[in-house]
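The sequence shown begins at 1 in this note's numbering and counts up one residue at a time.
A short write-up of the structure that comes next.
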Amino acid sequence: MKVKLIDLTRQNKGIEKGIIREIKNMFSNVSFIMGENVHEFEKEFAQYIGVKHAISVGNGTDALVIALKALGIKKNDEVITTAYSFFATAEAIAVIGAIPVFVDVKLDTYNIDENLIEEKITNKTRAILPVHLFGNPCNMKKINEIAKKHNLYVVEDACQAVGSTYDNAKIGSLSNIACFSFFPTKNLGCAGDGGMITTNDDKLATICKAFRSHGSGSDGKLAYEYLNGIDVPKEASQDDDATIKNNTVYNPMKYYNYLIGHNSRLDEIQAIILRAKFSKLKKWTEERKRIANYYDKKLEHTNLVLPEVEKNGKHVYHLYILQSDKRDSLTKYLKEKEIATGIYYQVPLHLQEAMLKYGYKVGDFPNAEYLSNRTFAIPLYVGMTKEEQDYVINCLKEYDKNGR
Ligand SMILES: *Cc1c(COP(=O)(O)O)cnc(C)c1O
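Structure below.
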């Protein structure tokens, strides 16, 4: 039996027709940029996460870059983050000239070790950037306590963790600002690139809106004033409703630019797809948990190391990660059985070629390095059949029993 690591065609069932109808509407309305669906999706997403503002952007990496810039983080500022994540986490810090300061991870949850953060804080540190890796929340209580004590911002990289919770609050609502990705394979994915920023802070929301669209218009002007500490009268901070509701109306403010920003908006076509999928997210997340719990139960008495959930957290299993000291031969064996696996991540961030200029070396983060030699993901996706799950389980057990 052939089992893919992720089969995205399964989740299209039941939503395709509605999406195509909406896309046809979009074509006849010629509303491609910042249309009705983008605004509605932002509202729905903010409500789901439990925050005041959701600002859509072009992708998850831009969400991180814009969030860091919105906090005023600049060249040579230090941002503390995990050594074990997707490259974009560290890239977003580096691309604005700030310095990624890595911290090792915990061997049980694979997330940043909150007990190693404080020793990395210097007078240049501005923020902590935890990543809820694979959908498993970080210890936000401790991280927020450290941030408060040292007067630092917290930026959540929630790109893999839409829907997960910590202390019964949604990931993305527990920090100054949080970032999501809608890359197709993420738990909520579009048909291309997309991202979202969430925050409860009105000023940060305005600054993010400005940065995603060339730092122009009334948002750009306000953002400039906020970032430069200029007092803004309360009534000025209202949204420019005419430009939001109807972007075909000529808005003279649009061509006044106040900040060096980005062109990073969520496309209307992606918003249509995301709204359709979003209505299923709760159900899909439950399904992921059911499959993960089934794997947990069936693989319990093997030599494989199973995923552990952060205390007080709920995991959404963006990826189901196992550990084996025979990873290479095991994944090769699974490949022979036509079961796909993936390795996340073979190179920890501090050892990536592009990060070498920060001066890290092998041995600096032993847990991240250990995991990068042992972890692999097995198939888990919405619509995966029981037969497929059992086949994966049986092949894993067979390998385990024969001790190959
Ligand atoms: C996917 C991902 C990103 C980047 O998202 P894109 O939408 O691909 O730019 C950032 N951080 C983590 C942890 C991710 O998994």
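C-beta: ideal position from N, C-alpha, C; glycine also.
Run the proximity test for residue i: is its beta-carbon closer than 6 Å to any non-hydrogen atom belonging to ligand 1?
i, result
"residue 278", "no"
"residue 183", "yes"
"residue 61", "yes"
"residue 161", "no"
"residue 85", "yes"
"residue 382", "no"
"residue 195", "yes"
"residue 158", "no"
"residue 125", "no"
"residue 147", "no"
"residue 98", "no"
"residue 46", "no"
"residue 88", "yes"
"residue 131", "yes"
Are the Cβ atoms of residue i and residue j separated by less than 7 Å?
i, j, result
"residue 61", "residue 88", "yes"
"residue 176", "residue 162", "no"
"residue 158", "residue 132", "yes"
"residue 66", "residue 128", "no"
"residue 135", "residue 316", "yes"
"residue 210", "residue 201", "no"
"residue 215", "residue 254", "no"
"residue 272", "residue 23", "yes"
"residue 96", "residue 198", "no"
"residue 78", "residue 124", "yes"
"residue 399", "residue 333", "yes"
"residue 137", "residue 181", "no"
"residue 108", "residue 365", "no"
"residue 70", "residue 207", "yes"
"residue 414", "residue 37", "The question about residue 414 has no answer, for the chain in this structure spans 1 to 404."
"residue 172", "residue 266", "no"
"residue 279", "residue 58", "no"
"residue 345", "residue 372", "yes"
"residue 179", "residue 98", "no"
Give me the Cβ distance between residue i and residue j, rounded to the nearest whole Å; I'm assuming they're in contact under 8 Å.
i, j, result
"residue 379", "residue 3", "5 Å"
"residue 56", "residue 196", "5 Å"
"residue 368", "residue 83", "4 Å"
"residue 205", "residue 259", "With 8 Å as the limit, residue 205 and residue 259 do not qualify as a contact, their Cβ atoms being about 15 Å apart."
"residue 358", "residue 100", "7 Å"
"residue 396", "residue 281", "Their Cβ separation, rounded to whole angstroms, is 28 Å, which puts residue 396 and residue 281 out of contact at 8 Å."
"residue 291", "residue 389", "6 Å"
"residue 343", "residue 375", "7 Å"
"residue 299", "residue 393", "7 Å"
"residue 360", "residue 102", "7 Å"
Measuring CB atoms only, is the region 144-154 touching the region 112-122, in the sense that at least three cross pairs come out at less than 8 Å? Yes, the region 144-154 is in contact with the region 112-122.
If contact is defined by three or more beta carbon pairs under 8 Å, each pair taking one atom from either stretch, is the region 163-171 in contact with the region 30-37? Taking one beta carbon from each stretch, the region 30-37 and the region 163-171 have fewer than 3 pairs nearer than 8 Å; the two do not touch.
Does the region 310-328 come within contact of the region 350-364, defined as at least 3 CB pairs closer than 8 Å? They do not touch, by the three-pair rule.
Quick check: the region 265-285 against the region 183-193, are at least 3 beta-carbon pairs closer than 8 Å? Result yes; three or more Cβ-Cβ pairs closer than 8 Å.
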